[in-house]
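Step one of this worksheet: look at the structure below.
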Amino acid sequence: MTSRLILVGCGAFARELINWVDDLVDLNKSIRVSGFLDENPKALDGFPYAVPYMGAISGYETQPGDKLLMAIGDPKAKKAMYEDLKAKGASFASLIHPSAVIAKTATLGDGVIVCPQAFVSADAVVGDLCAINGNSSVGHDVHLGSFSTLSSHVDLTGWVQVEECAFFGSGARVLPKVKIGANARIGAGAIVMRSVPADTIMYARPAKRL
Amino acid sequence: MTSRLILVGCGAFARELINWVDDLVDLNKSIRVSGFLDENPKALDGFPYAVPYMGAISGYETQPGDKLLMAIGDPKAKKAMYEDLKAKGASFASLIHPSAVIAKTATLGDGVIVCPQAFVSADAVVGDLCAINGNSSVGHDVHLGSFSTLSSHVDLTGWVQVEECAFFGSGARVLPKVKIGANARIGAGAIVMRSVPADTIMYARPAKRL
Amino acid sequence: MTSRLILVGCGAFARELINWVDDLVDLNKSIRVSGFLDENPKALDGFPYAVPYMGAISGYETQPGDKLLMAIGDPKAKKAMYEDLKAKGASFASLIHPSAVIAKTATLGDGVIVCPQAFVSADAVVGDLCAINGNSSVGHDVHLGSFSTLSSHVDLTGWVQVEECAFFGSGARVLPKVKIGANARIGAGAIVMRSVPADTIMYARPAKRL
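Chains as they are written, first to last, in numbering that gives the first Met the number 0: chain A, 0 to 209; chain B, 0 to 209; chain C, 0 to 209.
Right, here's the structure in full:
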């Protein structure tokens with residue numbers, strides 16, 4: 000019996016995660032992605048990854064020592080998948096890229112992913128299965144609800160409160176103490192100055208042609 | 000007599016600074032925060048910091064070897080405090096997070112703070128007591144006036160000139176060669192294309208609900 | 000005959016590059032900028048750089064071992080210069096700042112420059128002579144056309160396709176799968192949600208005065 004690190008889903012985010020895990024190997028940590036679970040056995044065909052297919056997610060059977068790395072970006076799909084897998088006794092891995100900075104007084108939940116150049120500040124609490132993409136930041140005292148996904152360049156400033164399953168597009172920013180309801184979707188570049196109810200979509204104006 | 004590193008003010012920014020100082024310790028630098036000055040002796044109650052209270056800021060008496068770390072974000076309050084403490088002979092510490100990048104030809108004033116993932120580029124001049132928060136950048140040839148505060152994700156592009164006590168909200172960006180007057184407040188997400196007079200507030204449009 | 004690293008153009012971007020090369024020296028890599036080519040022999044006068052003048056770009060004669068570092072930001076000017084120099088048999092250097100993160104499955108062309116705190120993600124293809132400034136990111140599966148320049152804090156999200164000679168201002172962001180035509184100029188802070196034809200200028204609304 001050997002310990003395995005297994006991707007759940009194998010789209011583009013999974014390919015990023017294979018790279019970021021590889022950067023941990025550079026730090027002499029003997030971690031490698033053992034395989035991937037996906038409906039599509041050919042998900043990596045045409046890409047330069049030697050990561051074997053291990054079957055559909057639904058067919059996964061827990062083995063002692065296995066750690067699952069959630070590679071699904073959509074919060075609701077991620078939550079459903081997590082609950083199914085947890086019911087089977089699965090265990091999840093966290094991944095913190097070596098270039099990311101995590102304040103020692105921040106608290107990260109189960110299976111949290113923090114990508115290159117991101118940071119999590121003092122006394123922030125990041126819920127289970129949250130993904131924080133590159134160059135994003137989680138400010139001091141933020142509570143980030145489980146299953147939430149931050150795209151890249153997102154800024155949750157101090158004391159922001161986010162309920163579960165929120166999604167933030169590229170460069171979205173939320174002002175101090177603002178509350179974001181469950182399942183809210185904050186569009187790319189959106190500047191959120193007031194609290195947002197659950198299940199709400201916020202958007203910014205697109206660029207104009209000169 | 001031992002050397003002490005003392006926080007001036009103990010709000011959220013101070014808690015961040017305790018973390019960033021701790022990251023310097025990881026680099027085998029024997030620096031620790033010795034205590035904090037604040038009106039409120041209980042400022043750290045309920046938080047996981049073992050940093051002792053050292054009295055109100057107004058009651059601080061300079062001791063040889065002491066270095067003060069300014070943890071106040073508001074530029075005018077910071078300036079007033081700095082001048083009071085300087086009059087007592089106090090000395091200020093700078094803090095550059097190990098993940099920050101400072102061009103060797105940049106010039107940093109007294110008591111400058113540069114947070115994670117930030118950078119200061121070629122030939123920039125950063126005035127005394129400026130704070131540059133995480134993921135922010137100060138472009139080449141920028142002159143950043145003393146006591147100014149950049150929130151996170153701010154971009155001062157090349158040749159920007161900022162007078163003292165300016166404040167920049169999350170993700171504010173200032174285009175090349177633009178001048179920002181003293182005490183100006185540039186709101187979160189604001190894109191500043193033309194020069195801004197002193198004491199002016201600039202803002203960006205907030206996101207809309209779909 | 001010794002190997003030389005020579006700047007092509009000596010404006011502000013060149014001064015930044017001298018600093019970033021210097022940061023590689025810190026990693027015990029014995030690289031230094033040997034000199035600069037520019038119409039103006041006094042381009043570094045008044046600045047703290049001990050980099051000698053080596054003549055006009057047009058007068059450069061290729062020597063074995065020389066590596067040119069392109070310090071011109073404007074895409075079209077960069078392309079013209081590159082073609083002239085290539086015709087003389089010149090060879091170009093790439094520069095990746097040590098704080099930048101490049102996915103191992105990304106492909107970088109000839110003479111690519113990646114500045115502090117930037118990252119290039121999985122399976123991205125970055126064309127020849129592209130410059131990626133600080134805190135910017137190139138998402139997974141992006142194709143970035145040759146000679147393109149990203150200012151700082153730019154985010155090209157997943158699957159974005161950019162033709163040659165595009166320019167992106169500070170904090171511009173392009174949504175997934177959007178296509179950007181050749182010579183397009185995307186203004187600072189612009190959020191690009193739909194594909195942009197060649198030779199098009201896109202802009203964002205500037206901040207307003209309160």
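A virtual CB, placed ideally from N, CA and C, is assigned to each residue, including glycine.
Quick one: what does DSSP say residue i is sitting in, helix, strand or coil?
i: Asp-154 (chain A); result: strand
i: Ile-17 (chain A); result: helix
i: Leu-209 (chain C); result: coil
i: Met-0 (chain A); result: The predicted position of Met-0 (chain A) is uncertain, since its pLDDT is 49 and thus under 50; a value taken from the coordinates is nonetheless stated next. DSSP places Met-0 (chain A) in coil when its eight states are reduced to three.
i: Phe-12 (chain A); result: helix
Bridge partners for residue i per DSSP, in chain order?
i: Gln-160 (chain B); result: B:His-142, B:Lys-178
i: Ile-30 (chain C); result: Partner(s): none; Ile-30 (chain C) has no beta bridge.
i: Leu-36 (chain B); result: B:Val-7
i: Leu-107 (chain B); result: B:Val-125
i: Leu-149 (chain C); result: C:Ile-131, C:Phe-167
i: Phe-118 (chain A); result: A:Val-100, A:Ser-136
i: Val-213 (chain A); result: Nothing in the structure corresponds to residue 213 (chain A), since chain A is present only between 0 and 209.
i: Lys-113 (chain C); result: As written in the sequence, residue 113 (chain C) is Val, which differs from the Lys given in the question. Answer is C:Ile-95, C:Ile-131, bridged to Val-113 (chain C).
Got a sec, what are the start and stop residues for the beta strand (DSSP E) residue i sits in?
i: Gly-186 (chain C); result: First-last for Gly-186 (chain C): undefined, no H or E at that position.
i: Gly-133 (chain B); result: Element bounds for Gly-133 (chain B): n/a, residue is neither H nor E.
i: Ile-5 (chain A); result: 4–7
> Which residues, taken in chain order from the segment 114–136 of chain A, show a beta carbon closer than 7 Å to some beta carbon of chain B?
Replying inline: Gln-116, Phe-118, Ser-120, Ala-121, Asp-122, Asn-134, Ser-136
> Unbroken alpha helix (DSSP H) runs of length 4 or more, entirely within the segment 41–103 of chain B: which are they?
Replying inline: 74–86
>> Under 8 Å, CB to CB, which of the residues in the segment 78–99 of chain B have a partner in chain A?
In response: His-96, Ser-98
> For the segment 47–81 of chain B, which residues have a CB atom closer than 9 Å to at least one CB atom of chain C, in sequence order?
Replying inline: none
>> Residues of the segment 31–46 of chain A in Cβ contact with chain B at a cutoff of 8 Å, in chain order, please.
In response: none
> Listed in chain order, which residues of the segment 162–196 of chain A have Cβ atoms closer than 7 Å to some Cβ of chain C?
Replying inline: When CB distances to chain C are screened at a threshold of 7 Å, the residues of the segment 162–196 of chain A falling below it are Ser-169, Gly-170, Ala-187, Gly-188, in chain order.
>> Along the segment 99–110 of chain A, where does the CB come closer than 7 Å to a CB of chain B? Name the residues.
In response: From the segment 99–110 of chain A, only Val-100, Ala-102, Lys-103, Thr-104 have a Cβ closer than 7 Å to chain B.
> When Cβ atoms are compared, which residues of the segment 137–155 of chain C fall closer than 8 Å to chain B?
Replying inline: Ser-150, Ser-151, His-152
> Looking at chain C, which residues of the segment 14–25 of chain B have a Cβ within less than 7 Å of any of its Cβ atoms?
Replying inline: none
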